[in-house]
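Protein sequence lines correspond, in order, to chains A and B.
Its first residue numbered 121, the first sequence is counted upward by one per residue in this note's numbering.
Its first residue numbered 121, the second sequence is counted upward by one per residue in this note's numbering.
Protein chains: 2
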Amino acid sequence: MPAPKAVIDYINANADKFIDKLAKAVAIPSISGDGKHRGDVVKMAHFLKGELEAVGVSVELRDLGKHVMDGEELHLPPAILGKLGNDPKKKTVLLYAHYDVQPALKSDGWDTDPFKLVIDEKTGRLIGRGSSDDKGPLLGWINNLQAHHALGLELPVNIKICFEGMEESGSEGLDDLIKAEAGPGKYFDGVDCVCISDNYWLNTRTPCLTYGLRGLSYFKLKISGPGRDLHSGVFGGTVHEPMTDLVYVMSKLVTPDGKILIPGVNDLVAPLTDKEKALYDRLDYGVEDVESAAGGRIAISSEKTTVLMGRMRYPSLSIHGVEGAFSAPGAKTVIPASVSGKFSIRLVPNQTPDNIRAFVEKYVKDEFAKLGSKNTLEIEELHGGKPWVASPDHYNYKAAVKATEIIYGKTPDMTREGGSIPVTLTFAEALDVNVLLLPMGRGDDGAHSTNEKLDRSNYIEGTKLLGTYLYELSTVQ
Amino acid sequence: MPAPKAVIDYINANADKFIDKLAKAVAIPSISGDGKHRGDVVKMAHFLKGELEAVGVSVELRDLGKHVMDGEELHLPPAILGKLGNDPKKKTVLLYAHYDVQPALKSDGWDTDPFKLVIDEKTGRLIGRGSSDDKGPLLGWINNLQAHHALGLELPVNIKICFEGMEESGSEGLDDLIKAEAGPGKYFDGVDCVCISDNYWLNTRTPCLTYGLRGLSYFKLKISGPGRDLHSGVFGGTVHEPMTDLVYVMSKLVTPDGKILIPGVNDLVAPLTDKEKALYDRLDYGVEDVESAAGGRIAISSEKTTVLMGRMRYPSLSIHGVEGAFSAPGAKTVIPASVSGKFSIRLVPNQTPDNIRAFVEKYVKDEFAKLGSKNTLEIEELHGGKPWVASPDHYNYKAAVKATEIIYGKTPDMTREGGSIPVTLTFAEALDVNVLLLPMGRGDDGAHSTNEKLDRSNYIEGTKLLGTYLYELSTVQ
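What follows is the structure, given as structure tokens:
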């Protein structure tokens with residue numbers, strides 16, 4: 121069922137107050153990746169605890185212990201765990217968002233102070249770090265709780281809350297918490313489904329629901345030879361140069377048009393069905409949207425579905441850079457002693473870091489051996505995460521489709537994303553429930569970039585969408 | 121003729137005082153590449169002016185104007201021009217050295233303060249920045265002048281001096297000075313030959329004279345596509361990635377065993393004669409010396425002459441690194457928007473930057489075109505210098521061979537160097553005279569590295585060598 125008119129009216133009437141609250145949240149520079157701001161991340165947790173308690177949620181700030189970042193031991197920001205409602209006749213939905221943000225400096229190229237929310241009346245943009253990623257969506261939930269609290273209305277579902285403060289820094293500590301609190305009698309016991317609001321529409325026009333994410337295998341390919349950096353005048357022509365070897369091996373990984381050359385990797389990809397292909401044909405997103413977002417006419421194909429499936433349902437291999445070589449401006453005549461190429465493969469079902477690793481290691485070693493070089497090669501997996509795909513036919517998705525149709529008058533695009541939100545998989549596996557990604561912002565919000573924004577309409581209509589989703593969820597079959 | 125016994129005795133008797141003078145020179149951190157130390161470079165010039173004037177040289181500190189370094193306008197350190205003797209019956213030799221040094225910080229890995237000369241009594245090493253490059257050799261000349269001044273002896277030749285303070289930073293200003301002062305009635309008028317003491321023995325055992333240097337063509341290969349750095353999750357598989365293209369093109373430049381693949385480049389190399397090959401066979405330097413210096417068993421061949429000619433008489437191509445890609449430790453999932461590969465070719469006769477450039481540009485553009493990429497390529501030559509080879513049969517070399525045999529009891533190796541000392545070519549071309557490279561230090565001095573040293577014996581015997589060279593020069597036919 122739709123949300124009561126009183127709730128929608130309350131949201132409309134209080135829109136400016138909700139924006140004021142977003143401004144307060146943005147003003148706290150809760151940058152998890154910068155040790156100097158750790159106090160601000162904790163301050164943000166306390167701010168949210170106050171907001172949640174004010175609307176009747178029982179809140180616990182859960183200590184996640186310590187970690188080491190850039191050589192400094194720091195206390196992790198707490199996870200915010202909350203509960204509201206305990207009616208066994210109602211569904212229980214777990215709401216996830218994060219309250220930390222990416223770093224931002226005016227000098228990075230922001231037009232305004234990143235930690236002062238600027239309301240651009242002409243464009244309707246709310247500009248500030250975290251506006252879209254992820255303080256706006258997080259407050260979207262609180263706005264709904266506030267509406268119900270003010271109106272004296274009970275929520276149509278029980279909610280559990282898990283808001284974290286380390287998402288932008290690898291969600292440290294959260295996986296352990298989720299696994300520890302899964303199971304009978306534990307905190308997450310009784311959760312029927314999960315809703316994560318932490319991604320974006322594909323474009324600026326059409327809302328979407330996201331049912332899949334790619335995984336990742338990230339490799340460091342290190343080639344070493346000399347005992348120290350050498351002068352190319354003195355040693356050029358006399359020794360095997362690690363950088364020459366590295367460039368050779370890296371040139372064998374992927375073709376310039378994106379075909380992965382490592383035997384075995386593509387064979388693992390689940391076959392494409394006609395039904396699935398039709399999904400991509402229908403998406404409100406084209407080659408020109410990809411090129412506009414990339415800022416260059418460089419799409420790998422002129423076929424829309426090829427490009428979209430390149431992002432959503434096929435693996436890709438990117439070479440990110442080289443550590444240890446000369447990387448500054450200017451001309452330095454060095455033969456670097458040891459160079460590490462970094463590359464990663466985005467994974468899709470049925471690829472996993474475990475089944476990919478062996479293929480990559482064997483192939484890289486074989487290609488290096490062909491060179492007959494006296495240098496040495498090491499290959500290391502720096503990072504890995506499995507892909508995730510949910511069933512878009514689950515009631516969790518049906519409720520979100522309905523809510524989107526009510527608020528936006530459009531059927532949402534069903535999308536898979538090329539990146540990863542690792543906590544998605546953790547919730548899906550640890551709690552064994554359906555997870556829904558229900559985005560609030562648009563594709564051009566610039567989440568990790570300068571001048572991050574959330575459109576005012578996305579914030580306010582998005583707040584209504586989240587509330588309506590809870591009502592649709594309560595009655596959906 | 122040999123130097124008079126009195127001169128040699130004076131040098132032996134004053135060895136400790138000469139070391140004290142080297143300590144004073146090392147204590148002035150005359151780092152030309154760091155604007156903060158520009159005052160120290162100028163201080164060094166004034167210190168040397170005082171030393172030279174004290175032994176009867178008429179000195180001019182020649183203003184070379186201003187330049188911009190790291191965005192800051194700075195006054196260039198002066199060139200030290202000096203004259204001693206004006207006897208038309210004597211030969212006139214121009215002495216070149218430089219009084220600036222490479223940067224050095226204790227934290228770079230020095231065992232001792234780099235700007236405090238440490239005398240290691242056990243090994244006989246004089247350790248400090250500039251000890252070998254090039255303050256020791258520079259003072260070697262002054263020590264000889266001091267000996268003659270103290271003994272009331274006239275020099276057997278007229279000398280002109282050109283000491284510069286920007287050698288470690290591209291010799292800015294010096295080329296213009298040399299060209300302006302060449303010709304009748306100018307400062308360098310009447311110079312019969314040039315002696316540069318600013319390189320090293322091949323090894324730690326056998327003195328050498330150097331009659332050739334390789335040139336250099338340094339290229340920046342830039343590939344651009346996206347309007348900004350992209351997230352590999354979102355864009356991997358959808359766009360042409362500049363880094364993939366760059367790695368492909370760079371893998372076509374040189375084979376892992378050092379063969380340059382750019383058509384035309386190798387065809388320019390002057391053919392090897394049997395007589396020349398025999399020179400390399402005779403050199404007191406082997407594969408194990410190269411590997412020991414490189415710090416790894418990575419020589420391109422087990423054939424001594426192949427390895428030595430790879431350094432001295434054939435071109436080489438080194439890939440130095442990539443600007444604009446991810447180069448830090450860790451795992452960043454970026455698709456860099458614009459990446460610039462840096463590579464350079466060491467040139468030998470009859471290659472020049474001008475005749476190499478066209479081959480490189482055409483080949484790189486052709487290889488890139490084969491990729492069918494939508495990215496764009498630019499290629500830029502950052503830096504170029506011609507190779508230089510002198511006639512080792514000239515009387516300038518004969519005098520140095522004789523002097524070496526007298527002081528060290530060994531015939532020096534005749535070597536060509538893989539690197540470049542651009543001022544060599546400028547002197548040779550502008551003054552149209554023979555130039556001799558007469559090194560003082562050993563191959564393991566670590567000129568641009570940590571714990572730079574000059575062996576005490578190389579400093580003192582080297583001082584005798586320089587003096588003896590002047591006497592041999594005065595009588596050689």
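In this text, a Cβ means the ideal position worked out from N, Cα and C, and glycines have one as well.
Nonlocal neighbours in the same chain, by C-beta distance under 6 Å from residue i, ignoring five residues either side
i: Gly-250/B; result: Val-146 and Val-221
i: Asp-564/B; result: Thr-324
i: Ala-224/B; result: Pro-234 and Arg-249
i: Ala-174/B; result: none
i: Leu-366/B; result: Ile-343, Val-459 and Gly-461
i: Ala-135/A; result: Ile-580
i: Val-127/B; result: Ala-267 and Gly-587
i: Lys-210/B; result: Val-277 and Asn-278
Cβ shell of residue i (< 7 Å), same chain only, five flanking positions each side left out
i: Phe-479/B; result: Ile-382, Pro-383, Gly-384 and Val-385
i: Lys-79/A; result: The question about residue 79/A has no answer, for chain A in this structure spans 121 to 597.
i: Leu-275/B; result: Leu-204, Gly-205, His-268 and Leu-590
i: Gly-538/A; result: Arg-334, Arg-431, Met-432 and Arg-466
i: Asp-377/B; result: Ile-420
i: Leu-181/A; result: Ala-165, Lys-169, Pro-198 and Ile-200
i: Glu-288/B; result: Ser-152, Gly-153, Asp-220, Val-221 and Gln-222
i: Leu-388/A; result: Asn-470, Gln-471 and Asn-475
i: Glu-171/A; result: Ile-262
Contact list for residue i against chain B, beta-carbon separation under 7 Å
i: Gly-416/A; result: Gly-345, Pro-346 and Gly-347
i: Tyr-81/A; result: One cannot answer for residue 81/A here, as it falls past the ends of chain A, which runs 121 to 597.
i: Leu-502/A; result: Ala-451
i: Val-427/A; result: Thr-358
Neighbourhood of residue i by C-beta, 8 Å cutoff - its chain only, sequence neighbours within 5 removed
i: Ser-352/B; result: Thr-453, Val-454 and Ile-455
i: Leu-551/A; result: Leu-214, Ile-298, Ala-302, Phe-308, Val-311 and Val-314
i: Ile-139/A; result: Leu-237, Ile-239, Leu-246, Arg-576 and Tyr-579
Chain B residues whose Cβ lies nearer than 8 Å to that of residue i
i: Arg-466/A; result: Ser-352, Gly-353, Gly-356 and Gly-357
i: Tyr-338/A; result: Ala-451 and Thr-453
Contact set between residue i and chain A, taken where Cβ atoms lie within less than 7 Å
i: Glu-525/B; result: Within chain A, no residue comes near Glu-525/B; the closest Cβ sits about 26 Å away, beyond 7 Å.
i: Gly-446/B; result: According to the sequence as given, residue 446/B is Phe; it is not Gly. By Cβ distance, chain A contributes His-440, Gly-441 and Lys-462.
i: Lys-494/B; result: Arg-417 and Ile-418
i: Ile-455/B; result: Ser-438
i: Ala-174/B; result: None at all; the shortest Cβ gap to chain A is about 36 Å.
i: Gly-430/B; result: Gly-357 and Thr-358
i: Leu-491/B; result: Pro-376
i: Thr-364/B; result: Val-374, Pro-376 and Ile-439
Three-state class that DSSP yields for residue i in the structure shown
i: His-268/B; result: helix
i: Arg-477/B; result: helix
i: Tyr-517/A; result: helix
i: Trp-508/A; result: strand
i: Glu-193/B; result: strand
i: Tyr-307/B; result: coil
i: Asp-575/B; result: strand
i: Tyr-320/B; result: strand
Buried/exposed call for residue i, threshold 16 Cβ in 10 Å
i: Ser-447/A; result: buried
i: Lys-186/A; result: exposed
i: Gln-597/B; result: exposed
i: Pro-391/B; result: exposed
i: His-166/B; result: exposed
i: Arg-402/A; result: exposed
i: Val-410/A; result: buried
i: Met-286/A; result: buried
i: Thr-393/B; result: exposed
Bridge partner(s) assigned by DSSP for residue i
i: Thr-330/B; result: Thr-535/B and Leu-557/B
i: Ser-66/B; result: An answer regarding residue 66/B cannot be provided, because it is not within the stretch 121 to 597 covered by chain B.
i: Glu-173/A; result: DSSP lists no partner for Glu-173/A.
i: Ala-398/B; result: Beta-bridge pairing links Ala-398/B to no other residue.
Contacts of residue i in chain D (Cβ-Cβ under 7 Å)
i: Ser-540/B; result: Checking the listed chains, one finds no chain D in this structure; the protein chains it contains are A and B.
Residue i: contacting residues in chain B (beta-carbon distance under 9 Å)
i: His-218/A; result: Per Cβ cutoff of 9 Å: no residues; His-218/A is ~17 Å from chain B at best.
i: Tyr-517/A; result: None at all; the shortest Cβ gap to chain B is about 22 Å.
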